[in-house]
Structures are given as C-alpha cells and as structure tokens.
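First the structure, in the form of structure tokens, and then the observations on it.
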Amino acid sequence: MKNPSDSSGISFTALYTGAVWHQNGLSDDSLATSQGRWLYHLMTPFEAASQLIAGGNLRTFLLQRHLIIDHLIERAIKEQGIDQVLEIACGMSPRGLRLRQHHPTLHVVEADLPDMAARKALRLMATNRLGQHHQVTPIDILAETGEYTLEAVVERVLDPGKPFIVITEGLTSYFPLKVIDGFWQRLGKVMAKQPGSIYLSESYLMPQQPLIRGGLKASASLLGRMTRSQVSFHFEDDEQAREHLENQGFPEVRVHNPADFYDLLPIPRSRQDPFVRVIEARS
Ligand SMILES: C[S@@+](CC[C@H](N)C(=O)[O-])C[C@H]1O[C@@H](n2cnc3c(N)ncnc32)[C@H](O)[C@@H]1O
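Numbering-wise, numbering that gives the first Met the number 0 puts 72 at position 73 of the sequence shown, and it's gapless, one number per residue.
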C-alpha cells in the first residue's frame, strides 16, 4: 500500500462481488454495475479452472460467507431482538435492502469509504430506498480522527442505548494483521459499551495442500498488487482465529465452518475443507 492510510484501491473489488450477488439472484438491478458485469465475465474462465483443479473457487467461498453471515444476522434478530445493523465496507452488497424488506422496522446503516458510500447512496436514492431507517454514511476504518472514524460513525448513526450488529464482509483480509488488529481493538471497545452486540466477519485459512497453498498465495499476491493492498491470510486454523479475536477485546468468539451449514443453507459445497470461516464475536 503506497500510503498506508489510503485503502481506496480495494474499492473496485466491490463491483465484482456485487456482480456475484446479482448473478446469483441475491441482489437488485439498482445495484448491478456494468463494470461488475464485465469483471464477472472476465473472471469466468479462471473461476471454472479453479473449480476443476481445486474443487472450489472465489464464487464458492463468496456465497458461503455471504449466506452464513445472513443466517447469523437473522438468528440474532429473531432470538435476541437486535434491531440495529451497521454494515461496514458495504460496497454494492444487497444485504441492507434484503434486511429492510424482511424486517421493516430494522434500523440499517451501510458504510464505506466516502466515494463508494456516495455511489451506493445515489443508487439507493434513485429507487427511493433510503430514509430514516435505511442510511448510507462515509467511514474509513483506518481513520484515527474526524467524522469518518468508527467511533464517530457509531455515535452518529446508532442508538447508544441498545445492542447492535456490525458486519465487515470482504474487508479485513486486505490488511496485515497488525493493521486490522487496531480496528478490531477499537471495535471491541465500542461494542463493550453495549453488551449483547455482535460482530460478523470472515477470514481465510491457509490450506495445507501444497499445490492449492501455492496457487492461493500467487492469487493473493496478484490481488494485492491490483488493489494496492497487502492481501493476508491471518490464521492457520479455527482455534488460532478464535484466540486471536478474543485477545483483541471480544469476550465470546465463535468460528463457523461452512461445512457445518451444508444441510441448512443453500450454499455451494467445497470439495475439501472450505478455507473460508465466518467469525461471530460478541461483546
Ligand atoms: C471486496 S469489497 C466488499 C464489498 C461488500 N462487503 C461485498 O461483500 O460485496 C471491499 C470493500 O471495502 C471497502 N473499503 C476499503 N477500505 C476501506 C476502509 N478503510 N474503510 C471502510 N471500507 C473500506 C471498499 O470500498 C469496498 O467496498
């Protein structure tokens, strides 16, 4: 990353993930972009090759992580009655729209770097989706002062008297562990003020199989160059991930393996142990 506090090079990847959600019937036409469609077609041969060789591809784990996070949000709303959600690094994710459709009284705030937040807000405004209970706001998880900091956004958009759900999907692996630790520690402190709050995210474990490991490292390094970031695999296994998150200030952490949801959710299956995990951390 040229300037360690500028991560805007990552933003275009949201167009690809946005296209994956759209192609799989999870999104809305208002969030489909022409660049996303182009990237989707460009990636198709690579995705097919990876499926053949490794028994899974980018689209497999994107859908696994996305639908498991959705499932855990639904559970928290139904079982705990949580009624406010902050989705950081929302990109073109349709989650906010879907949540608002299913839960009309839910307070949903989507947040991203200023340019991406403006882009998302324009698209949602054009179809009359925004209002008091569905907002888009700028944030920069690396900011340490000013109105874009995590602390300022939480204070501005959430009700301080009630627990909330925070999501980061497709964000943390673009940063080395020591950088994202800073964000996690700050989030842990913010959530500690509201016991019962939940943080949902995903992480990628380095596979043991040497061929897949090598291929993955090469793809991560290419993605890092394209996004001017340091794409990182933070953990070797579930236990290490759990312990690490606990040490950042989340007293209760669960690490979910997509394989445990194969019979419950309409998610694609990986041929081997999936290498994505969904993290559920509670205050
Ligand atoms: C891979 S996309 C994921 C988008 C969306 N969550 C999804 O899964 O479709 C990564 C997102 O992170 C956002 N991002 C990058 N750096 C950020 C930062 N410092 N603070 C907040 N968001 C950031 C990008 O703008 C982009 O929308």
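We treat Cβ as the ideally placed atom computed from N, Cα and C, and that holds for glycine. What you are looking at is a predicted structure, and each value in this text was computed from that prediction instead of being measured.
| Item | Value |
| --- | --- |
| Do you know how far the Cα of alanine 47 is from the Cα of glycine 95? | 30 Å |
| Can you tell me whether DSSP reads methionine 0 as helix, strand or coil? | In this prediction, methionine 0 has a pLDDT of 44, which is less than 50 and means its spatial position is unreliable; what the coordinates show is noted afterwards. In the structure shown, methionine 0 sits in coil (DSSP, three-state: anything other than H, G, I, E or B). |
| Taking Cβ to Cβ, would you say valine 107 is nearer than 9 Å to glutamate 73? | no |
| Does at least one heavy atom of ligand 1 sit under 8 Å from the Cβ of tryptophan 183? | no |
| Is it the case that the CB of histidine 65 approaches a heavy atom of ligand 1 more closely than 8 Å? | yes |
| For tyrosine 198, collect the residues of the same chain with a Cβ closer than 7 Å to its Cβ; drop the 5 residues on either side in sequence, then sort them by chain order. | Val165, Leu186, Met190, Phe249, Ala280 |
| Can you say whether proline 206 is buried or exposed, counting buried as having 16 or more other CB atoms within 10 angstroms of its CB? | buried |
| Could you tell me the distance, in whole angstroms, from the CA atom of alanine 116 to the CA atom of tyrosine 39? | 22 Å |
| Please name the residue in Arg224, Leu66, Gly213, Gln247 whose C-alpha comes closest to that of alanine 53. | Gly213 |
| For my contact list, serine 196 and phenylalanine 163 are in at a C-beta cut-off of 8 Å; report their separation, rounded to the angstrom. | 5 Å |
| With hydrogens ignored, establish whether the beta-carbon of glutamate 168 is closer than 8 Å to any heavy atom of ligand 1. | yes |
| With the cut-off set at 9 Å, would you say alanine 88 and leucine 141 are in Cβ contact? | no |
| Alpha carbon to alpha carbon, what distance is there between aspartate 5 and glycine 145? | 15 Å |
| Tell me whether serine 282 counts as near ligand 1, meaning its Cβ is closer than 8 Å to at least one heavy atom of that ligand. | no |
| According to DSSP, simplified to helix, strand and coil, what is glutamate 242? | helix |
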